Amino acid sequence: MLTTIAPSQQDTYIKLANSLNAFFEITQIDVLFFSFSGTLIYHGDIITDNKTIQQTMDPDHFGKSIIFPIVLNNQVWGFTMCSSAKSSNHRIQVSKEYLSNLFNSHFSEHENVQTIVLDPLTDDQLTKINYLSTILQLKTSTDNVLPIATDTNDEEKSSTERFEAIKSIKEATHYICENLNSSLTLNSVADHVFLSPSYLSRIFKKYMHINFINYINHQKIAQAQRELILTRKPINLISNVAGFSQTSYFTKTFKKITGLTSSAYRKENSEINRIYTLPRTLEWKLTDSVFDVSKIFFKNQNLDYYYESSNGFLYVNSIGDLTDSNEKSGWIFTIDGKQPTTSADQIPIKDVSVIQWMYVDFR
69 MLTTIAPSQQ DTYIKLANSL NAFFEITQID VLFFSFSGTL IYHGDIITDN
119 KTIQQTMDPD HFGKSIIFPI VLNNQVWGFT MCSSAKSSNH RIQVSKEYLS
169 NLFNSHFSEH ENVQTIVLDP LTDDQLTKIN YLSTILQLKT STDNVLPIAT
219 DTNDEEKSST ERFEAIKSIK EATHYICENL NSSLTLNSVA DHVFLSPSYL
269 SRIFKKYMHI NFINYINHQK IAQAQRELIL TRKPINLISN VAGFSQTSYF
319 TKTFKKITGL TSSAYRKENS EINRIYTLPR TLEWKLTDSV FDVSKIFFKN
369 QNLDYYYESS NGFLYVNSIG DLTDSNEKSG WIFTIDGKQP TTSADQIPIK
419 DVSVIQWMYV DFR
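Next up, the structure:
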């Protein structure tokens, strides 16, 4: 454990911070170190604030990473995270050797202190660690039948549970978007992220603010709408591509969401030749409007956009390289398969699963 190290933890962390900065300068691989005592070292800073630690280590901030566990005197002491953006297998091996030398050099002067940098954790191992963490949290909450006095650890536990829940939801939504052509169910997605179906359903509703099954169905129907409009594929094939095992169930679901049969929808929207689809994400805030989240999407996709307001109605007249032309063409938007009659800046994203911007060319 770290308490065996002299003269002080702070001195150790300062030396590690300097060495990790040197590692970054040499390899150009972004790196951080986190000890299980609750200390983060990143870009020369020694951080102990839980909120800052979570924000720094969040994949949306740090990016995809490779994790090397660090063992100190036969105990897992912490881990380093290295950005995997530019990491080949050779660079991973070189990074491990460098980190091993780095940690050994710091602790070799202390008697009876041995450090080992383990091989990087695989995606499967990380998923199972997340699964184990969730099981233990659920078991703890079940066992704690008697009321327990609140202390400062409660807030930390709540933050940790939220962090794990959000991580699981991100994995689930990514899996859904990548497998829309499969027969997705609550059970199948829960199995993939190693959660119980009831727990996944509960945290999904809590943090995404929408029903899990509705989210999947709206994503599938949005994909089917694209296929119906932009291709001439037969409806039974589009049904299969959208992951429906039976065309009859696809037809029923499609009409329930859009208000039209798939054939009628294709006919009524034959003039559309460009579609941008925005599935709901955790980053959507309840205070946002449809236009707010659309602007973020356009920016992330490097799409220029222009809009104007007339008589209190906001109108988007250009996205990317397509602009309206004397009422002969223009942009419309749909929410969960239907076109609203209200301006995009006036519609809150509460209960919205998917937004689509469509360019209509009446010529």
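When we follow the numbering used here, the leftmost residue of the sequence shown carries the number 69, and every step to the right adds one. The C-beta atom is built at its ideal place from N, Cα and C for all residues, glycine as well. None of these values were measured; they are calculated from a predicted model.
Going by beta carbons, CYS150 and SER173 fall outside the 9 Å limit. About 28 Å separates the Cβ atoms of VAL261 and VAL358, ruling out a contact at the 8 Å cut-off. Look at ASN337 here: in three-state DSSP terms it is coil, with no helix or strand label.
One thing to note: GLU351 has its Cβ within 9 Å of the Cβ of ASP128. Listed as beta-bridge partners of VAL384 by DSSP are TYR375. The distance from the Cβ of LEU189 to that of PRO137 is about 7 Å, consistent with a contact at the 8 Å cut-off. Counting along the chain, SER307 sits inside the alpha helix (DSSP H) bounded by residues 303-309. In its chain, beyond the 5 residues on either side, ILE343 have a beta carbon closer than 6 Å to the beta carbon of ARG294. By the neighbour-count criterion, in which a residue is buried when 16 or more other Cβ atoms sit within 10 angstroms of its Cβ, TYR317 is exposed.
Annotated three-state conformation of GLN424 is strand, per DSSP. Taking GLY327 as reference, the option from ILE403, PHE312 and GLU395 with the minimal CA-CA separation is ILE403. Relative to the Cα of ARG230, the nearest Cα in the group THR321, GLN291 and PHE272 belongs to PHE272. For VAL185 and PHE104, the gap between their C-alpha atoms comes out near 15 Å.
In this structure, PRO408 sits away from THR355, with a CB-CB distance that is not shorter than 9 Å. In the assembly as shown, ASP98 is a buried residue. Its beta-carbon has 16 or more other beta-carbons within 10 Å. When Cβ pairs closer than 8 Å are counted between the two stretches, the stretch 115-129 is seen to touch the stretch 226-246, the count reaching three or more.
In the DSSP assignment, SER133 falls within the unbroken beta strand (DSSP E) covering 133-140. CA-to-CA, the gap between PHE175 and ILE160 works out to about 23 Å.
Secondary-structure assignment with DSSP links ILE400 through a beta bridge to MET426. DSSP places LEU296 inside the alpha helix (DSSP H), whose first and last residues are 280-298.
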